[in-house]
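In our numbering, the protein residues as written are 23 to 351. One structure is given below, encoded as structure tokens.
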Amino acid sequence: MKGVDIDVTEGELVGFLGPNGAGKTTTLRMLTTLLTPTAGEAQVAGCDLRADPVGVRKRIGYVAQGGGTGPECKVAEEIELQGRLYGLSKADAVARGKVLTEQLDLSGLDQRLTKTLSGGQRRRLDIALGLIHSPKLVFFDEPTTGLDPQSRANLWEHIRMLRSEQGVTLFLTTHYLEEADALCDRILVIDGGEIVAEGSPDALKARVSGDSVVLGVDDEVTTRAAEIVGRVDGAHDLISAPGEVRFRVPRGDTALPALLRAFDSEGLTMQSMQVQRPTLDDVFLTLTGRSLRDSESGGDADQPDETATDEDSNRNDDSDRNEVPTHVA
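Printed below as a string of structure tokens:
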């Protein structure tokens, strides 16, 4: 890490985006006391991360990407045990568990072994375990990874509910850019251990210069089509290939009528046209020169080995001398 500064206000839903190896999971592991920082300072849920890590643990919830349930344990047993570990009495843990299972659509599954649950049910159980002690700040590491689209949509409804009905502050990593775009109040983009951009989804997308337009034409007229596009006011980043012309323009919806008239006057025909508003992946491409989607496809280098021993963890700590924790309010 290279001096990451983050301020999260109460009630926010903040997305943390970046390619594999950028530092997302390292940051979360430091903020949740699972990795000791080697420099810097942080306040998490009102507690000093270095001086009072136990206080941090008591006040936060953490839903890890890999989950933490025992395959041979029953749902009710897992929830009760987690509550007892946080200091709840048996009665309070059971009562809180009933509330959470109802809220997270886990009712009727209390006697099921966790290994028999669907992927969506297991993730909701992970969330229940992270919420058993009623934290006001919850960290999610890739909460919907591996879920089918319907399960992802259902899980996001539950995450929305945490904030709208319970006022929980949420800090999450995700590589599903459309989710971050639709749901997050604010997004942080990390690359190479540094925050390279921060803002609302709309504010970040406004940094990308214009709509993306793709025209399909007959191969033999590609050059003429590109010449016409080059005369369009504001057209830039023009790229042509046989049968296709790509470019950006400030307002695709207003540029297309002029293009159609120009093509008609030249006796050319468009085979297809696509206009796309800037996306968060466009933002990342503009900032770093590469696509976030492409960078994610090469494996999850940012994720720690879940089977690592304590000795491995010590070696990791020794290798992270430049790690700087985050300032979180």
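Cβ atoms here follow ideal geometry from the backbone N, Cα and C, with glycine treated the same way.
| Asked | Found |
| --- | --- |
| Report the rounded CA-to-CA distance for residue 279 versus residue 238, giving the unit in angstroms. | 16 Å |
| Beta-carbon within less than 6 Å of residue 297's beta-carbon, same chain only, minus the 5 sequence neighbours each way: which residues are those? | 233, 235 and 274 |
| Rounded to the nearest angstrom, what separates residue 68 and residue 149 at their Cα positions? | 22 Å |
| On a Cα-Cα basis, can you pick out the residue from 97, 201 and 40 that is closest to residue 178? | 201 |
| Could you pull out every unbroken beta strand (DSSP E) segment of at least 3 residues lying fully inside the region 273-321, listed in chain order? | 294-298 |
| Are the region 126-133 and the region 72-91 touching by the rule of at least three beta carbon pairs closer than 8 Å? | no |
| In whole angstroms, what separates the C-alpha of residue 71 from that of residue 53? | 7 Å |
| Across which residues does DSSP place residue 160 in a beta bridge pair? | 83 and 192 |
| Okay, do the region 299-317 and the region 204-212 touch, 3+ Cβ pairs below 8 Å being the bar? | yes |
| Mind checking residue 304: buried by the 16 CB within 10 Å criterion, or exposed? | buried |
| Relative to the C-alpha of residue 216, which candidate in 36, 46, 132 and 181 has its C-alpha closest? | 46 |
| Measure the Cβ-Cβ separation of residue 57 and residue 192 and say whether it is below 7 Å. | no |
| Have a look at 86, 255, 221 and 195 and flag the residue whose alpha-carbon is nearest the alpha-carbon of residue 42. | 195 |
| DSSP three-state label for residue 35, please. | strand |
| Starting from residue 247, trace the alpha helix (DSSP H) both ways and give me its first and last residue. | 244-252 |
| Should residue 59 go down as buried or exposed, given a rule of 16 or more other Cβ atoms within 10 Å for buried? | buried |
| So, does the region 102-115 touch the region 132-139, judging by three or more C-beta pairs under 8 Å? | no |
| How many whole angstroms separate the CB atoms of residue 164 and residue 197, which I take to be in contact at a CB cut-off of 8 Å? | 7 Å |
| Using DSSP's beta-bridge definition, name the partner residues of residue 69. | 66 |
| Residue 51: which of 33, 75 and 29 sits nearest, CA to CA? | 75 |
| Would you mind reading off the limits of the alpha helix (DSSP H) that contains residue 101? | 97-107 |
| Just the C-alpha distance for residue 115 and residue 154, rounded to the nearest angstrom, thanks. | 7 Å |
| How big is the Cα-Cα spacing for residue 240 and residue 288? | 14 Å |
| With a threshold of 8 Å on Cβ separation, who are the neighbours of residue 180 within its own chain once the five nearest residues in sequence on each side are excluded? | 125, 126, 127, 146 and 149 |
| What does the alpha-carbon distance come out to for the pair residue 160 and residue 189? | 11 Å |
| Please list the terminal residues of the continuous beta strand (DSSP E) segment that includes residue 213. | 208-213 |
| Does the beta-carbon distance from residue 97 to residue 131 come in below 7 Å? | yes |
| Note down, in chain order, each residue of its chain lying with its Cβ closer than 8 Å to the Cβ of residue 244, except the 5 sequence neighbours on either side. | 262, 263, 264, 265, 266 and 267 |
| Compute the beta-carbon to beta-carbon distance between residue 285 and residue 250, rounded to the nearest angstrom, for a pair I have assumed lies under 8 Å. | 6 Å |
| Can you tell me whether residue 118 is buried or exposed? The criterion is at least 16 other CB atoms within 10 Å of its CB, across all chains shown. | buried |
| Apart from the five residues on each side of it in sequence, which residues of its chain come closer than 8 Å, Cβ to Cβ, to residue 91? | 100, 136, 144, 147, 148 and 151 |
| By DSSP, does residue 353 sit in helix, in strand, or in coil? | Residue coverage of the chain in this structure runs from 23 to 351, which leaves residue 353 outside it and unanswerable. |
| How should residue 224 be labelled, buried or exposed, when 16 other C-beta atoms within 10 angstroms of its C-beta is the threshold for buried? | exposed |
| Given residue 218, which residues of its chain have a CB within under 6 Å of its CB, disregarding the five upstream and five downstream residues? | 211 and 309 |
| Three-state secondary structure (DSSP) at residue 176? | helix |
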